[in-house]
Structure formats: structure tokens, C-alpha cells
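Protein sequences, first through last, are from chains Z and E. Following this note's numbering, the numbering of the first sequence begins with 1 at its first residue and continues without gaps. Following this note's numbering, the numbering of the second sequence begins with 325 at its first residue and continues without gaps. Take a look at the structure set out below.
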Amino acid sequence: MTTTIQDVQGSGTVHCCRVNCKVTLSTLTYTYPLRLVSPRAHTPNHVSVYVLTYGGGLVSGDRISLTVKVDEDCAMSLLTQSSTKVFRQRPTASSLDEIVTQISPPTNVVQTLSARISRNALLAVLPEPVTCFADASYNQRQVFRLEQGASLVLLDWFTSGRKSRGEAWQFDRYASVNEIWVEGDAAQSSAKLILRDAWLLDDEKDSACNPKTGDQHTYKERVEPYHCFANLILAGHRVSNLVAAAMNAFDKVLITASGSGGCAVSSSIQSLIWSASPLPLAVGDITGIVIRAAAMDTPIMRTFLNEMLVGLDAELGENLFSLI
Amino acid sequence: MPETSLSKEDWLLWMEVIGGFVASAGLEAAVQAGHVRSTPDGSSLVSFVTASLHSYAHSAVPYVRAAWQALDETGLDADTDSLPTKRTDRVKNVVQKLQVLDEEYDGLTGSNHVARRASRTQGAAFLTLLVRGFPAAHGVDVVSVFKTEVRASRTAGHLPICFGVVSNCLGISLERTSHLFLFLHVRAILSAAIRLNLVGPYQGQQLLLTLQKSVESVLKKQCEIKSGVDEEIGRGAWQTAPVVDILQGLHDRLYSRMFNS
């Protein structure tokens, strides 16, 4: 069956555990077009894994699926070398005959990550942003299962595309789902969903929703005037100082409307806006924060994210993200 | 059955906007942050409402529908002469389904504490409305039990779930329910816009009429949404307006404010 081949293609498994007081990877397997590289660790308590793809991007029809397990007292980072480029979607079956005789293979890109984090363990997912080229279709689903006392740093960000080439907000579809489940106290109680972040920017070409937009992609009005969006989730006791710092910073944000009369209007739109919400306290002792930000460009966003991640290097022993 | 002069759907429409005095769905923050301006044609406001409507249609409507159906599937009124205990069991069953939906939706709003807070407040108000206003409606026992669960903090009580249930109790069709839900959302934002002096009351009415078309087309789109990575979980619910979402999340950071959300 073709489905089994697809399942094998582009899949990877990482298992991070502690052997002789040192954090190591007991499993690191991957199949084409996925590549996983783990550079030599500089600290005994942290390992990092780079997620790479051949050609430095994802082409039409790519299926990447990664399974990660982080054992007790371990810390692991998942990184990418550069932005994840999603290339243009291959046109589907051209002639009618083709459509009739065979089901054309899916042309969108699907990337999934499934991670399990044990007690007192920390997983930091800090990739470079996803950049969708014109006509690209990208789908991402990341599911995190946290045991009691686990910690997670999750950065999920994307840009408008190749802005310097005038290719902004030209992709067909960007869909990203992040789920965080917390395991119950006792074995019999089931896991509870505490966060399901689901973002969709989909071009509804034939839609009558917005006749005035013309050539413009229908989602563009909902993202303007920004070019880079980020979701940063910080959860668990190992990053509690980061959570507290972010909450403090957000409490200092103040929007004052200048102008007079009932309709107050502030002078100009800020180059970066962000909001922070505490994670709903659902199960156990896991507290955290969800940060959302929109910026005019990627460097502005990167500066902001580095500010939010101050102190993470102390927990990991190194902060590979801020080196970029 | 004699037709009453005022249908229950009309009643929902005529009723004062749910949370209209306190909820602006992020509009107040958007105005103060300079994203929505007062323009003569109201185009800036229309952009905001359209974006908010699009996102709400894709995130909340799937739950409105599911909640409406939860009450229908079990056939609460199937055999009226059955034992009262059987009815109690069925009610319990429906309430459990609603709680599952509620928990899912709570996860979806987990990243925006302002929207989450507003949704819960308005949901609770809606349940109370039915119990007090229509004590003889067909699923009022379900609503009462669900309301007890909300009050005991065993479930969140989000507006889409409560709205779906209440509409079913009032005998409003599934299609009309989702339509009405979005229409009321648009009306609430426009009502806030009038209070914020962005548009006058006459222009507000005009915009409401124009935006009615957007409600219809966005609902149509939402129904035929392409299947994503996994539609099994999350009922194909998506957030689609990131800027509006961030602006709403900033609401508590406003130096001075009229609304709660």
C-alpha cells in the first residue's frame, strides 16, 4: 500500500534519556527527506537536535513526521538551521483523464511532531520561522504530552514569505495546530487538553466574501500590516522564571489613546504588538504563558523573542537559539 | 399548534445584545492601538468586523453546531411515556457531551484570556436567560443540569456551547442557529462601535445590513472548509484573524476602557 510507504518516508524518532549522569540520545533515526543531526553536547544536562531536510526546504507532497520522547530530568532542544522554506505547490493533475484514472498524490506539505515530556524534563522547540513561498500549502500539527512536572518551551512562527522579492502573503494555505495535553495525577485519570492553538490562513479564491480584494489573497486583510507572527508557549516549573518575567513585561505594556473626544485614536501603529495569556490552570502543577506577537519584519520579532527567552540559557547550559 | 405572534427566534433577535454593554470583542483595544480609525465610510471598522467575524465563524460555529446536535441526537423527547429515570439518564448523557465540547472550546480559547473570559460570562448569562425566561422549553432540564455544572466550575460554560443548546431548546433550526449566532456577534461589535463613537447609530444600522451578506458567505465557506491535518480532533475549528486576536489580548493593558473585552 502506498500509505505505508508514505508513513515511512520522512519520519524520525528521537529519544532523549539519562545515562551515567549524562543526557544522551538513545534513539535518533530518520528517513529521507528528513535528516536529524545532533551536535556534540557542551553540557551534561542538555542535548540539541537539528531538524533538517534535503534541499533546505519542503517540496510539494512532503510528509515529515517526528516523534520525540524526553525522559525524566533531561533537557533537549529541537532546532532548525535556517527558516523552513515551503516551496510552491505542484499543480494537480492537469488533464481530466488523469483525474479520472488515478487519484493524484497530495501536493500539500504536512509536518507533524508528537512529543512526550516526562517529569522534571524540558523540551525546547526553537525553530527558525516557516516561510511559505507563493502558492505553497503548509500544514503543521504538533502535539505535546506533558507528564506532571514537565516543562515546555514552544516557539511557532511564520513570515509573509519572500518579502524582499515582493512576495508577501502569496501562499495558498498555512495551517498550524499546537496541542498541549497534561497527563492526570493518577494512572486512571485521562490526559486533559489545556491548549489547542489552531491557526489557519487559507486563500478562499472563489469566495464572494470579499469581492473588492481582487488579486489579493483573501486572508491578507487579517494579517496586515504585519509580516511576521509568532506564538511562544512557556510552561512548567523549569521555565517559571521566564514565565514570571514575561508576565511582568506584559503588565508593563500600556496602551494610551491620545486625541480628544469620545473616539480616541493613537498616533501610529506599533511595529510590534504582543499579548500574553496565562495558561488555564487545568491539571496539576503546570503553569505557563502563551505569548502572541506580530511584527513588521523578522528582525524585530527576533529581538523580541530573544528578550522573552532570556534566562533559558541558564536552564539549558547553552542557548543555541540566541546565537543565530 | 397555534402560531404565536412572536416567534422565539424573533425574541432572541429583539433581546438586548448579550453582553453588549461590556463586550467589544477587541474593538476598543484595536481603536486605542490605532488599528481601527474613524473613517467617513466606516471601512476601517468594516475590515475589523469582517476579520473578527471570519475567525469567530471558523472557531466558534463548529461548537455551536455540535452543541445544538448534542441535544438532538439523543432523542430526549422520543418516548414521552417512558420512566422519569430514563429521562434523567439521557439528560446526564447530553450534559456529558456538552462538557466534552466545552473543554475542547476552552482549550481553543486558552491562548486569549480576554476572549475566554468574555465567552464564559456571556455563556452563563445565556443559560440563565433560558431557565428564567422559558421554564417550559423542551430541554430546560438539560440546561439546568449544565448550569449547575458551570456554577460548580466543573465546566467552563462557553457562549458557543450555551448558545447552541439554548437555540435548540427554543426550537430554532440548526441552520438558523449558526446564522443568528454570527449575526448577533456582528451586532454586538457594531453596538460597541456606536458607543465608542466610531460610527453614528444610523450608519451602524446600515453597516449591519451590509455585513449580513458577509455572515452568509462566511458561513457557506466554513461549511465547506478543506480538511486539514486532522479534522477528527477539534471539529475543524480554526482561528483565522491573528491581528484581531492579539489586539483583543491587549484589552486589559488599556489605560482607560469602557468595555470588559
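Cβ atoms here follow ideal geometry from the backbone N, Cα and C, with glycine treated the same way. These figures come from a predicted structure and were not determined experimentally.
Check                                                                                                                : Outcome
Selection of the stretch 222 to 235 of chain Z by Cβ proximity to chain E, strictly under 9 Å                        : Arg-222, Val-223, Glu-224, Pro-225, Tyr-226, Phe-229, Asn-231, Ile-233
Which of helix, strand or coil DSSP assigns to Phe-596/E                                                             : As shown, chain E starts at 325 and ends at 585. That puts residue 596/E outside it, with no answer to give.
Ala-286/Z at chain E interface by Cβ criterion, 8 Å                                                                  : The amino acid occupying residue 286/Z in the given sequence is Ile; Ala does not appear at that position. No, because no Cβ of chain E sits closer than 8 Å to the Cβ of Ile-286/Z.
Thr-43/Z, buried or exposed, once every other Cβ within 10 Å from all chains shown has been counted against 16       : exposed
Distance, Leu-543/E Cα to Ser-502/E Cα                                                                               : 8 Å
Ile-518/E - containing alpha helix (DSSP H), residue span                                                            : 498 to 519
Under the three-state DSSP convention, the category Cys-74/Z falls into                                              : coil
Contained beta strand (DSSP E) runs [length at least 3] in the stretch 133 to 197 of chain Z, N- to C-terminal order : 137 to 146, 151 to 159, 173 to 182
Rounded separation between Val-494/E and His-462/E - CA only                                                         : Sequence check: residue 494/E is Leu here, not Val. Spanning the two alpha carbons is a distance of roughly 8 Å.
Cross-chain neighbours of Glu-204/Z in chain C, by beta carbon under 8 Å                                             : The question asks about chain C, but that chain is absent: this structure's protein chains are Z and E.
Contact with chain E by Thr-107/Z, beta-carbon distance below 8 Å                                                    : no
Neighbour list for Asp-430/E in chain Z, Cβ cutoff strictly below 7 Å                                                : Pro-280
The ligand HEM heavy atom lying under 7 Å from the CB of Phe-583/E                                                   : The ligand HEM is not part of the structure shown, which contains no ligands of any sort.
In DSSP terms, what Leu-66/Z is bridged to                                                                           : Gly-12/Z, Leu-113/Z
Val-68/Z at chain E interface by Cβ criterion, 8 Å                                                                   : no
Positions along the stretch 569 to 585 of chain E whose CB lies within less than 8 Å of some CB in chain Z           : Asp-569, Ile-570, Leu-571, Gln-572, Gly-573, Leu-574, Arg-577, Leu-578, Tyr-579, Ser-580
Which of helix, strand or coil DSSP assigns to Arg-292/Z                                                             : strand
Delimiting residues of the beta strand (DSSP E) encompassing Ala-124/Z                                               : 122 to 126
Best match in Thr-287/Z, Asn-231/Z, Gly-317/Z for proximity to Gln-142/Z [C-alpha to C-alpha]                        : Asn-231/Z
Minimum Cβ-Cβ distance from Asn-436/E to chain Z less than 8 Å                                                       : yes
Per DSSP, the bridge partner or partners of Thr-445/E                                                                : DSSP output for Thr-445/E lists no bridge partner at all.
Per-residue DSSP class, three states only, for His-46/Z                                                              : strand
Chain Z contact for Thr-363/E (CB, 8 Å cutoff)                                                                       : no
Extent of the continuous alpha helix (DSSP H) run through Leu-309/Z                                                  : Leu-309/Z -> no alpha helix (DSSP H), and no H or E assigned at all.
Where the beta strand (DSSP E) through Ile-485/E begins and ends                                                     : Counting along the chain, Ile-485/E falls outside any beta strand (DSSP E), though it belongs to the alpha helix (DSSP H) covering 483 to 493.
Separation of Lys-471/E from Thr-452/E, as counted between CA atoms                                                  : 8 Å
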